[in-house]
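Those protein sequence lines, which keep their order, are chains A and B. Each residue of the first sequence is one higher than the last, beginning at 1 in this note's numbering. Each residue of the second sequence is one higher than the last, beginning at 1001 in this note's numbering. Just so you know, even glycine gets a beta-carbon here, dropped at the ideal spot from N, CA and C.
2 protein chains.
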Amino acid sequence: MTLGHGRRATIRDVALAAGVSISTASNALNGQGRTNAETRDRVKRVAEEIGFRPNALARGLLSRRSHSIGIITNDTYGRLTLPMTAGVSEALVDHGVSVFLCATNNDPRLARLHLEALLDKQVDGIIFTATRLDLAPPVDLSSLPMPVVYAFAEGPDTSVSFVPDDSQGARLAVEHLLSLGHRRIMHITGPEDFVAVRRRAAAYRACLDGRGDKGEVMFGPWGEDWGHEAVRRMLARPEPRPDAIFCGSDETARGVIDALRDHGLSVPADIAVVGFDNWHVVAAQTRPALTTVDMGLKELGRRAGLAMLDLTQGKPVPLGIKALGCSLVVRKSCGAV
Amino acid sequence: MTLGHGRRATIRDVALAAGVSISTASNALNGQGRTNAETRDRVKRVAEEIGFRPNALARGLLSRRSHSIGIITNDTYGRLTLPMTAGVSEALVDHGVSVFLCATNNDPRLARLHLEALLDKQVDGIIFTATRLDLAPPVDLSSLPMPVVYAFAEGPDTSVSFVPDDSQGARLAVEHLLSLGHRRIMHITGPEDFVAVRRRAAAYRACLDGRGDKGEVMFGPWGEDWGHEAVRRMLARPEPRPDAIFCGSDETARGVIDALRDHGLSVPADIAVVGFDNWHVVAAQTRPALTTVDMGLKELGRRAGLAMLDLTQGKPVPLGIKALGCSLVVRKSCGAV
DNA sequence: TCCAGTAGATAAAAGGTTTTAGCATTTCGT
DNA sequence: ACGAAATGCTAAAACCTTTTATCTACTGGA
Chain A
1 MTLGHGRRAT IRDVALAAGV SISTASNALN GQGRTNAETR DRVKRVAEEI GFRPNALARG
61 LLSRRSHSIG IITNDTYGRL TLPMTAGVSE ALVDHGVSVF LCATNNDPRL ARLHLEALLD
121 KQVDGIIFTA TRLDLAPPVD LSSLPMPVVY AFAEGPDTSV SFVPDDSQGA RLAVEHLLSL
181 GHRRIMHITG PEDFVAVRRR AAAYRACLDG RGDKGEVMFG PWGEDWGHEA VRRMLARPEP
241 RPDAIFCGSD ETARGVIDAL RDHGLSVPAD IAVVGFDNWH VVAAQTRPAL TTVDMGLKEL
301 GRRAGLAMLD LTQGKPVPLG IKALGCSLVV RKSCGAV
Chain B
1001 MTLGHGRRAT IRDVALAAGV SISTASNALN GQGRTNAETR DRVKRVAEEI GFRPNALARG
1061 LLSRRSHSIG IITNDTYGRL TLPMTAGVSE ALVDHGVSVF LCATNNDPRL ARLHLEALLD
1121 KQVDGIIFTA TRLDLAPPVD LSSLPMPVVY AFAEGPDTSV SFVPDDSQGA RLAVEHLLSL
1181 GHRRIMHITG PEDFVAVRRR AAAYRACLDG RGDKGEVMFG PWGEDWGHEA VRRMLARPEP
1241 RPDAIFCGSD ETARGVIDAL RDHGLSVPAD IAVVGFDNWH VVAAQTRPAL TTVDMGLKEL
1301 GRRAGLAMLD LTQGKPVPLG IKALGCSLVV RKSCGAV
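Written as structure tokens, this is what we have:
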């Protein structure tokens, strides 16, 4: 900043200092129009010297692109949101696009407020994100004048959505257990009204069905307590005991492992356990550390960000719901190498 | 939207539909200048009908206030950031101010990129947030043309910072234990190079010092493992055992409680335990549920947001570091009612 | 009747940038 | 040497809103 006053340098200052008109300065800086190479370099040098950066407001006013997008989420405490947001942001920051984060707390009033602020600010697009796949946005997003992308949420068929492939993730877990020789595999998971829970359970059953095994699924509330309770019920029944448990969340898995230990059963020696989420605080601290399915949330956000980028640039993007593969993170709770 | 084309309604459309000039429309909508009451109402009604909302870009260009601020954080996985951001956002959304979230991952290149995007977008202010109090921003924030507020970080004396009152929080924990009759209170905490750790330890010592008790502090890495290890060391020593442990984090506390159980000691009957963070996943799931210190992160964010609001409106805000009180969340791990 | 004052409305400028159309000047081809 | 084409630059319009200064018409007072 070699400008005396606090004012930010404008292209006018550049033009003045370089002894050219504003249009020439603009052309030179953007490589548009016909410009003498010597002039172009001089303008660029001067711009650099006085620290000129174009005002995005003015630019956006004209180009109708604000280079910002909004993320609307219903999640305040962020186990899912923040990795996704980080992914989105990472995909976009190199293109000069910034991200407005709007936590609605599932409150329609708040959501409307946020949405109006976003519309006023002429965001180039909106990404909607939820804590569960089958949750509708707290405000109508179906007829906005800009593209909408759903991440970890399923939008209408005419929009673009990215979700983790729960079926494939569940298969990953079950096949891992099968490959280690386990044959009596149980599934302890969350409430059946979650679509993700139903998909994982269905995939689990399908995996076992090939072997003429119906399997057994216990639905319940999420959380560690449910893991304890489920183990209590399981052990109260007649033999044979399962030799492996596939859990619907890392928290449940932790509860299961703790409960098994309390009952004198060793993991993985007596019973192997697999989780779902790869939520680091939980999975890494479980004893033994948890083998679990990772949904790749950051990558999911990155994909959503890239899709949004294409949409704002008018490029074609395949519509519908795209399921992204999960990966298995092998730690100690299954006894694999 | 009664406008045929996808175009957003402008004030020009309002003026046309109401049969007045653009200036009159603007005056009527904003209650500026002299306007006939009848005209004013008609303009407002028309604006409502065609769904007019002023373009924030154009407005910002003129008023030099973009009604957006940036949050720069080095935290990607969000245990601290997201509650604070939610607080900031909550304080600002009612004033039409939106929040850009910039996760820098502590990478200076990324931080510079984000900062430049924010400056270009003419944000009205920047809030810096970190995962620990004594972490400098990965990019120089000292001479920006807009106000900077530090939340959960200590900025220079000439700026405005909000941090949790670690000393008071620690006192809360220790006095709770004292009030329950415990007399041999240990402190198991994080690495000594964290300023928050040193402050808590100092407050802990000061509390005991009045009773002629030096206390004992064990520093170590954060995390559950350290809790286990610390308990092992503690029990390996000659009697007398502590009758209470004040932990520097909930994770450590959970490790401590699990380890005590493994060694046949009961919490709270044999030893009481207090944590620090009130990180719900950890504190609520510990068995027994953890009594712990809550730093009020959301409130901290709210205060930072309000301060930013005042700053952008030119109101005076007291400079320096403001320590915000913590609160004690009583659960089961101390045996209090 | 004329003047001053006021109410109500508006034209124009400003904010910073990009783009279009157009103006000189030089170069090229014949 | 002359018209055509290319080169280098610029004025002005456009994006949308707010504000200032100005203009018109009317009211009331003398």
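Q. Over what stretch of residues does the alpha helix (DSSP H) that includes Ile1022/B continue unbroken?
A. Element bounds for Ile1022/B: Ile1022 to Asn1030.
Worksheet item: When the Cα atoms are used, what is the spatial distance from Gln1285/B to Leu1260/B?
Response: 16 Å
- Query: With distances taken between CB atoms, is the gap from Arg258/A to Asn278/A smaller than 7 Å?
  - Reply: Looking at the sequence shown, residue 258/A is not Arg but Asp. For Asp258/A and Asn278/A, no; Cβs fall outside 7 Å.
Legend entry - Glu1239/B versus Arg1184/B: straight-line alpha-carbon distance, rounded: Here the alpha carbons of Arg1184/B and Glu1239/B stand approximately 11 Å from one another.
Original post:
Should Arg7/A be labelled buried (16 or more other beta-carbon atoms within 10 Å of its own) or exposed?
Top reply: exposed
- prompt: For Arg1183/B and chain A, any beta-carbon pair shorter than 7 Å?
  reply: no
Is there contact here, the stretch 1082 to 1096 of chain B with the stretch 1302 to 1310 of chain B, by at least three beta-carbon pairs under 8 Å?
The stretch 1082 to 1096 of chain B, when compared against the stretch 1302 to 1310 of chain B, does touch it at the 8 Å Cβ threshold.
_Please return the same chain residues whose Cβ sits closer than 6 Å to the Cβ of Glu312/A, not counting the five positions on each side in sequence._
What sits at residue 312/A in the sequence shown is Thr, not Glu. The residues are Asp124 and Gly125.
query: Mind checking His5/A: buried by the 16 CB within 10 Å criterion, or exposed?
result: Bear in mind that the predicted position of His5/A carries a pLDDT of just 48, short of 50, making it unreliable; the figure below should be weighed with that in mind. When all chains shown are included, His5/A counts as exposed.
Original post:
Can you find at least 3 beta carbon pairs, one from the stretch 306 to 325 of chain A and one from the stretch 99 to 109 of chain A, that sit closer than 8 Å?
Top reply: no
What's the gap between the Cα of Cys417/A and the Cα of Leu1265/B? The displayed coordinates of chain A run from 1 to 337. Any statement about residue 417/A would go beyond what the structure contains.
Going along chain B, which residues have a C-beta under 7 Å from Arg8/A?
Pro1145
Give me whichever residues DSSP pairs with Glu1216/B in a beta bridge. Note: Glu1216/B sits in a beta bridge opposite Met1186/B.
Within 10 angstroms of its Cβ, does Ser1143/B collect 16 or more other Cβ (buried), or is it exposed? exposed
Check: How long is the line joining the alpha carbons of Val1148/B and Ala1136/B, rounded to whole angstroms?
Finding: 14 Å
Practice item. With DSSP as the reference, please indicate the residues paired to Thr129/A in a beta bridge. Key: The partner list for Thr129/A (beta bridge, DSSP) reads Thr73/A and Ala151/A.
Which residues mark the beginning and the end of the alpha helix (DSSP H) in which Lys332/A is found?
-> That residue, Lys332/A, is in no alpha helix (DSSP H); it is neither H nor E in DSSP.
With a cut-off of 8 Å on the beta carbons, I'd call Ala1111/B and Pro1138/B a contact; round off their distance for me. 4 Å
message = On a Cα-Cα basis, can you pick out the residue from Ala196/A, Arg237/A and Asp140/A that is closest to Gly248/A?
response = Ala196/A
Requested in this report: Under 9 Å between beta-carbons, which chain A residues line up against Gly1078/B? List them in chain order, please.
Outcome: Tyr77, Gly78, Arg79, Thr81, Leu82, Pro83, Thr85 and Ala86
Please name the residue, chosen from Glu224/A, Val281/A and Asp243/A, that lies closest to Ala1289/B on a Cα-to-Cα basis. Of the listed residues, the one whose Cα sits closest to Ala1289/B is Glu224/A.
*Straight-line gap, Ser1066/B to Cys1207/B (C-alpha atoms, nearest Å)*: If you draw a straight line from the Cα of Ser1066/B to the Cα of Cys1207/B, it is about 48 Å long.
Flag Phe344/A as yes if its beta-carbon sits less than 7 Å from any beta-carbon of chain B, otherwise no.
-> The structure shown does not extend to residue 344/A, since chain A is modelled only from 1 through 337, so no value can be given for it.
Look up Thr1010/B in the DSSP assignment and say whether it is helix, strand or coil. coil
Notebook entry, point to check: Is the CB of Arg1053/B under 7 Å away from at least one CB in chain A?
Noted result: yes
Does any residue of chain B bring its CB to less than 7 Å from the CB of Gln313/A? No, because no Cβ of chain B sits closer than 7 Å to the Cβ of Gln313/A.
Under 7 Å between C-beta atoms, does Lys1121/B make it to chain A? yes
*Tell me which same chain residues have a C-beta within less than 6 Å of the C-beta of Arg199/A, skipping the five on either side of it?*
Asp166 and Ser167
So, does the CB of Arg1331/B fall closer than 7 Å to a CB anywhere in chain A?
-> no
Is it the case that the Cβ atoms of Ala1047/B and Asp120/A are separated by a distance below 7 Å?
-> The Cβ-Cβ distance between Ala1047/B and Asp120/A does not fall below 7 Å.
Using a Cβ-Cβ distance cut-off of 7 Å, determine whether Gly305/A contacts chain B.
no
* **Min CB distance Gln1285/B to chain A below 7 Å** => Gln1285/B counts as touching chain A.
Exercise. Under a three-way DSSP split, which group does Pro54/A fall into?
Worked result: coil
Original post:
Residues of chain B with a CB under 8 Å from the CB of Ser63/A: which are they?
Top reply: The contacting residues do not exist; Ser63/A stays about 10 Å from chain B at best.
query = What does a CB cutoff of less than 6 Å around Met1186/B pick up in its chain, not counting 5 residues either side in sequence?
reply = Glu1216, Pro1242 and Ile1245
Quiz item: Checking contacts by CB at 7 Å: is Thr1159/B closer than that to chain A?
Solution: The sequence given here has Ser at residue 1159/B, not Thr. Closer than 7 Å to the CB of Ser1159/B there is not a single CB belonging to chain A.
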